[in-house]
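The sequence shown maps to residues 758 to 842 in my numbering.
Built from N, CA and C at the ideal position, the CB exists for glycine as well.
These notes are about the structure you will find just below.
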Amino acid sequence: MTPAIYLTRLSMSDKLLRLFNGIRSDAGAAELDSIDDDAKLRDDLGFDSLELAVLAVKIEAEFGVDVFEQGIVLTVGELRGRINE
Numbered sequence: 758m759t760p761a762i763y764l765t766r767l768s769m770s771d772k773l774l775r776l777f778n779g780i781r782s783d784a785g786a787a788e789l790d791s792i793d794d795d796a797k798l799r800d801d802l803g804f805d806s807l808e809l810a811v812l813a814v815k816i817e818a819e820f821g822v823d824v825f826e827q828g829i830v831l832t833v834g835e836l837r838g839r840i841n842e
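Below, the structure is given as C-alpha cells:
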C-alpha cells in the first residue's frame, strides 16, 4: 500500500469512526475505538433504520456520495466501497 493510499484510507476510517460515534452517542450507545470492514452496520454496530438514514445523510454531506442509492449496504467494507466508487 502506498503512503498516499494509506493516508486516504486512514482519513476515511477516522471520518467514518467519527460519524458512527456521533450517531451512537446520540442513541446512548458506547463509542467505538475502531471499526472493522467486516462489521455489520445493524448486527455488529447496532444501527436501526433511522440511524442508517441519519448515517446516509451525514456520509453524503461528508463525502458527497449517496451510499444507499444503489441498494442496501450491510457492512462497513461495503460502505467504504460505495464511498470510493
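Could you round the C-beta distance between residue i and residue j to whole angstroms and report it? I think they count as a contact, below 8 Å.
{"i": "LEU776", "j": "ILE816", "result": "7 Å"}
{"i": "ASP800", "j": "ARG837", "result": "At roughly 17 Å, the Cβ-Cβ gap does not stay under 8 Å, so ASP800 and ARG837 are not in contact."}
Hey, how far is the Cα of residue i from the Cα of residue j?
{"i": "GLY828", "j": "ALA787", "result": "28 Å"}
{"i": "ALA761", "j": "PHE804", "result": "Here the model assigns ALA761 a pLDDT of 48, short of 50, so the residue's position is not dependable and the matter cannot be decided."}
{"i": "SER791", "j": "LEU774", "result": "7 Å"}
{"i": "ILE840", "j": "PHE820", "result": "7 Å"}
{"i": "LYS772", "j": "VAL833", "result": "12 Å"}
{"i": "ASP823", "j": "GLU842", "result": "11 Å"}
{"i": "SER770", "j": "ALA818", "result": "16 Å"}
{"i": "ASN778", "j": "SER768", "result": "15 Å"}
Tell me, which residues are paired with residue i by DSSP?
{"i": "LYS797", "result": "THR832"}
Quick one: what's got a C-beta closer than 6 Å to residue i's C-beta in the same chain, skipping five residues either side?
{"i": "GLU808", "result": "ILE780"}
{"i": "LEU798", "result": "PHE804"}
{"i": "PHE825", "result": "ALA813"}
On the CB-based measure, 16 or more other CB atoms within 10 Å of its CB, does residue i come out buried or exposed?
{"i": "LEU802", "result": "buried"}
{"i": "VAL709", "result": "Residue 709 is absent from the model: the chain starts at 758 and stops at 842."}
{"i": "LEU831", "result": "exposed"}
CB-CB under 8 Å to residue i, same chain, minus the five flanking residues each way: which ones, in chain order?
{"i": "SER806", "result": "none"}
With a threshold of 7 Å on Cβ separation, who are the neighbours of residue i within its own chain once the five nearest residues in sequence on each side are excluded?
{"i": "LEU764", "result": "With a pLDDT of 43 at LEU764, under the threshold of 50, the modelled position of this residue cannot be trusted; read the value that follows with caution. Excluding sequence neighbours, LEU764 sits near nothing in its chain."}
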